[in-house]
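Protein chains in written order, with our numbering: chain A, 1 to 288; chain B, 289 to 576; chain C, 577 to 838; chain D, 839 to 1100.
Ideal Cβ positions, reconstructed from N, Cα and C, are used throughout, including at glycine.
Because the structure is a prediction, the values reported are computed rather than measured.
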Amino acid sequence: MAQITSLREAVKELVADGDTVALEGFTHLIPFAAGHEIIRQELERLTLVRMTPDLIYDQLVGMGCATGLVFSWGGNPGVGSLHRLRDAIERGWPHPLEIEEHSHAALANAYVAGASGLPFAVLRGYSGSDLVKHNPNIRFINCPFTGEELAAVPAVKLDTAVIHAQKADRRGNVLLWGVLGVQKEAALAARRVIVTVEEIVDDLDAWPNACILPSWVVSAVCCVPGGSFPSYAHGYYDRNNPFYQQWDGIARDRDRFRAWVQRHILDTADFDEFRRVLAETSEAEQRG
Amino acid sequence: MAQITSLREAVKELVADGDTVALEGFTHLIPFAAGHEIIRQELERLTLVRMTPDLIYDQLVGMGCATGLVFSWGGNPGVGSLHRLRDAIERGWPHPLEIEEHSHAALANAYVAGASGLPFAVLRGYSGSDLVKHNPNIRFINCPFTGEELAAVPAVKLDTAVIHAQKADRRGNVLLWGVLGVQKEAALAARRVIVTVEEIVDDLDAWPNACILPSWVVSAVCCVPGGSFPSYAHGYYDRNNPFYQQWDGIARDRDRFRAWVQRHILDTADFDEFRRVLAETSEAEQRG
Amino acid sequence: MTGADYDTNEIMTVTASRRLRDGAVCFVGIGLPSTAANLARLTHAPDLVLIYESGPIGAKPHVLPLSIGDGELAETADTVVSTPEIFRYWLQSGRIDVGFLGAAQIDRYANINTTVIGDYEHPKVRLPGAGGAPEIAGSAHEVLIMLRQSGRSFVDTVDFITSVGHLDGGNARERLGLPGKGPVGVVTDLCVMTPDPETRELTVTEIHPGVTREQIREATGWPVRFAERVTDTPEPSRHELEVLRDLKRRTDEAHRSDAVGR
Amino acid sequence: MTGADYDTNEIMTVTASRRLRDGAVCFVGIGLPSTAANLARLTHAPDLVLIYESGPIGAKPHVLPLSIGDGELAETADTVVSTPEIFRYWLQSGRIDVGFLGAAQIDRYANINTTVIGDYEHPKVRLPGAGGAPEIAGSAHEVLIMLRQSGRSFVDTVDFITSVGHLDGGNARERLGLPGKGPVGVVTDLCVMTPDPETRELTVTEIHPGVTREQIREATGWPVRFAERVTDTPEPSRHELEVLRDLKRRTDEAHRSDAVGR
């Protein structure tokens, strides 16, 4: 049964140095508040898994929380590079980052295998791609019936999965909708699951066959309204595209990045305060 | 793009003697009307695939439409045996039936592989089961990463999938909900897809992430209200349990079965007339 | 209360229901297991999570389902997923505490046959087949089995192993690398049998009130062993019987209302 | 109309959009392909089916998405499935007619690099990586590619093959057993290139109005060949330009309304 608790408590209890962790959400429902809390608690040596690292992993990697990254597309969507991620890969700053690189199809299948209790996933993919030369976790097997060669990747197995969802009820059952990404698979591939939600309600009012994580597969539910800003929560708020654009400037420079994280994350108590300080910052900028 | 047409036309165009066909629906939305039409058109040498043959395949097998059956549980749910299926397997009546027998988990995974364009499915299963000795399509492979042994079964590949759904819109987009079974996978594992529906509407009014088959993967949509009787259509009508019980008596005896099919299926023009004649039959019985 | 106040199905059902702890995640077969699991949910285990292979997760049926995919299960569940997802994400993944099965034929090592009586190629009686049982028997942390006891249903060796119990006993399951512990109890209308800790042979550990050892011997197709300490099955409480009978009454009424042709 | 009435992005987008036939099922990359695909949907191909890797099937966005998973895509789609399902049931299954991709770097055989400039272990420039492209390039029946042309983006051999085009040419794809036909056209701001029927080398087959062969040679990192019959790219129609500009205006307005901190 899920505990309904604060995000600070949840991260303290459920994420440890050296863990393999996925904070998932495919452009939608990205759990930024939880990512910030991991930075605040200065977790180290994490192996981070995520199809699209996005700004959330640019922040974690830039602050040195991770020594490993498993991913399939590492850009700033609609803008360009993730400068902190590039700095870590190209120049080992703040320290070297070991990467395991896949295609979306392979990593999505690897999450499915993890959720299914299988050790590996099979897909028709990777033929002719140089990724095969650089990732020893891409192998090939033959169909036992047709002999056809297919690609295989190991299942994603997580210590902790972290996702953001629209709603939970008071028992800790979680409902999400819209772009679902691989959140359900990530949660079911993990030993521990943290879910931040926009609101906690008496009744989920779910429709038939809704995407629900029952309370008994969730470790902690934390009510963090706006917790996926600057990404979006379908039915609650839109993606904040200007922030994604501004991030390019913030993350380009090591010192400016460090200062931004200091002021907006390390020096704030929680995500509410982060939002307040961020608002002050942008007002100041508008005044020039 | 789906054609909106009559069930007679759809079966005439899209099912041929010798085809591999699945009429799916896991106790819910079983496409009985379509099964009747296949009997009316006296199709032959079909290889039938279905997790739970249920009465619909008892009828098809009893009328000699099938020479092969791929299945995982062949009973009359809540009642007992499928007598026509047993007669075909035990005594080869009306003619021998070649069976390929699986577990639910394996056949469900085989449908997923078919829908995914893979030649086979991998599962953790069958260990210690004698099914392995009798089904050459159950093989074992080793994980290329851990060496662990896992079961493999070939993908389900269909000429035609037939399902019943609650609604379609006028463009032929199909919506179903409730117990979903493997209908979506069956449709996506087939070259041709027939969908009978309770109603055709202007707008599906679907909720987020609804189970929808877009028009462009469907060959024909046929409006057949009540078309899954005596199974049920969630939101439209309940399962007719008494019919399942009465079927036990009808199907026990070859002549009585033949006579019932003659009167109710072969001598009726369509499912509406079947329902009328069936109602007459039961009134007559009530009068005694 | 005395034994006269309930029938053999009732004590079987109540006894099985008591073995399901509150909060457990239970993958439920249709029929007797479904009745006992819902009785548990309506008495001592309100947070028992019921999963049916047709897709409902967290079903709380008001009346008992006659089929594994009744609408009642979908309407009362926390959600309903596809059948492939049930087997992949929920069973195979090792999330099931108790796999709760019925059986047509069971042997001294709790192997289950639901496929054929006689030879597979030329069966004397063709049974429905495997359904979800082989993987439930393999992957659930524990398996609980429930069936009426007779010399025909309890045999020395099953004609066909559909779903694996303890095979030929001992650590056979471990040798096969099966993830789950396998059958931990068989509840019948006469007694409760549990696998011997060493040999894994089914051994009588509880006898229902009024049942004699002789009755059990006669209803078992092998020279059945009795544990050193055999206890008397506690009688069903008035409350358990009331809840069970209400459930059955509601179920009969709901299904009587159907009529063919409608 | 004369060439002065539209810019090079516009003729690139219009030319690419015209290659999408009505009713085709198109797996769309974000950015230029998404713009051209939606232009096609809003002009000659109203029944073009747009699938985005984030899960929307049959998306009909009123404004262009800035990210692959914008809410606009989910709200206007026939349905939204999980990302694993998109890749398993919809792409890998061979249901996609046209895979529509952008690229950072492309070579003479239309192999695509979106991974690194320089050595993989010690990259000069680390690019975002594969995303959905490798399997789109492998499984879609046909692949259409769209990018601005320059000596840096059009190279003789890519530093890294992220997504396979025609490898080293000829029947290399067939030898690899790839299900799809691979790239059938590359649309740039200068011209259209198509693979030579024999060698599969990208060859100029259409030149945009006002562009010279010299410009194309200078913007291509290999000695580019011109087909025997090179045609002039038909100019964008007034209607196409109006629809494209309206779409961009709506998009800009929609996104201007955002403000950081809110």
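| Query | Result |
| --- | --- |
| How long is the line joining the alpha carbons of C:Ser593 and B:Arg527, rounded to whole angstroms? | 27 Å |
| Just to confirm my understanding: we take C:Gly647, look at its own chain, exclude 5 residues before and 5 after, and list those with CB closer than 8 Å. What are they? | none |
| DSSP three-state call for A:Asn109: helix, strand or coil? | helix |
| Check the DSSP bridge columns for A:Tyr237 and list the partner residues they point to. | A:Ala233 |
| Note down, in chain order, every chain C residue with its Cβ under 8 Å from the Cβ of B:Asp418. | Thr691, Tyr696, Phe736, Ile737, Thr738 |
| Mapping the DSSP letters down to three states, classify C:Thr578 as helix, strand or coil. | Bear in mind that the predicted position of C:Thr578 carries a pLDDT of just 47, short of 50, making it unreliable; the figure below should be weighed with that in mind. Three-state DSSP puts C:Thr578 in coil, outside helix and strand. |
| Please tell me whether C:Gly797 and C:Asp732 are closer than 7 Å, where the distance is taken between their beta carbons. | yes |
| Whole angstroms is fine: what's the gap from A:Lys12's alpha carbon to A:His36's? | 13 Å |
| Give the residues of chain D in contact with B:Ser507, contact being defined as C-beta atoms less than 9 Å apart. | Correct list: empty, because the minimum Cβ distance to chain D is about 14 Å. |
| What would DSSP say about B:Gly435, mapped onto helix, strand or coil? | coil |
| Interface residues of chain D around B:Ala494 at Cβ under 9 Å? | Asp916, Thr917 |
| What is the DSSP secondary structure of B:Arg479, reduced to helix, strand or coil? | strand |
| I want to verify the contact list: residues of chain B whose CB lies under 7 Å from the CB of C:Arg724, in sequence order. | Those do not exist, as C:Arg724 stays about 15 Å from chain B at its closest Cβ, beyond 7 Å. |
| Only counting runs of 3 or more residues, tell me where the beta strand (DSSP E) segments fall wholly within the segment 715-744 of chain C, in order along the chain. | 718-722 |
| For A:Arg170, name the three-state secondary structure that DSSP assigns. | coil |
| Taking the alpha carbon of D:Val866 as the point to measure from, which residue in D:Glu891, D:Thr851, D:Tyr844 has its own alpha carbon closest? | D:Glu891 |
| Between the Cα of C:Glu794 and those of C:Leu640, C:Gln725, C:Pro632, C:Ser715, spot the shortest distance and give me the residue it belongs to. | C:Gln725 |
| Do we get a CB-CB distance below 7 Å when we pair A:Ile30 with the residues of chain C? | no |
| Do B:Thr434 and A:Pro144 count as a contact pair if the criterion is CB distance below 7 Å? | no |
| Between which residues of its own chain and C:Ile737 is the CB-CB distance below 7 Å, once the five residues before and five after are set aside? | Asn687, Asn689 |
| Can you have a look at D:Asp997 and say buried or exposed, based on whether 16 or more other CB atoms are within 10 angstroms of its CB? | buried |
| If the cut is a Cβ gap below 8 Å, which residues of chain D does A:Ala210 touch? | Near A:Ala210 there are no residues of chain D at all, since even the closest Cβ is about 13 Å away, more than 8 Å. |
| Are A:Val195 and A:Val174 close, meaning C-beta to C-beta below 7 Å? | yes |
| Among D:Leu982, D:Thr1069, D:Val1081, which has the Cα closest to the Cα of D:Val1025? | D:Leu982 |
| Between which two residues does the alpha helix (DSSP H) containing A:Thr52 stretch? | From DSSP, A:Thr52 is part of no alpha helix (DSSP H); its letter is neither H nor E. |
| Using only CA atoms, which one of A:Val261, A:Lys184, A:Ala34 lies nearest to A:Leu14? | A:Ala34 |
| Note down, one range per segment and in chain order, each alpha helix (DSSP H) of at least 4 residues found wholly within the segment 601-660 of chain C. | 608-618, 647-652 |
| To which residues does DSSP link C:Cys767 through a beta bridge? | C:Ile783 |
| Nearest to D:Tyr958 by alpha carbon, out of A:Glu44, A:Val122, A:His134, A:Ile56? | A:His134 |
| Along the segment 236-260 of chain A, where does the CB come closer than 8 Å to a CB of chain C? Name the residues. | none |
| Is any beta-carbon of chain B found at less than 7 Å from that of D:Gly841? | Only weak support is given to the placement of D:Gly841: the predicted model assigns it a pLDDT of 45, under 50, and the question is left unresolved by the model. |
| Select from A:Ile141, A:Gln262, A:Pro77 the residue whose C-alpha is nearest the C-alpha of A:Ala152. | A:Ile141 |
| Under 9 Å Cβ-Cβ, which residues of chain B neighbour D:Val866? | What D:Val866 touches in chain B: nothing, since even the nearest Cβ is about 15 Å away. |
| List, in order along the chain, the chain D residues whose C-beta lies closer than 8 Å to that of B:Trp504? | Gly861, Val863, Val887 |
| Closer than 8 Å is the cut-off here; do at least three beta carbon pairs connect the segment 969-979 of chain D with the segment 1006-1023 of chain D? | yes |
| Return helix, strand or coil for C:Arg805, following the three-state DSSP convention. | strand |
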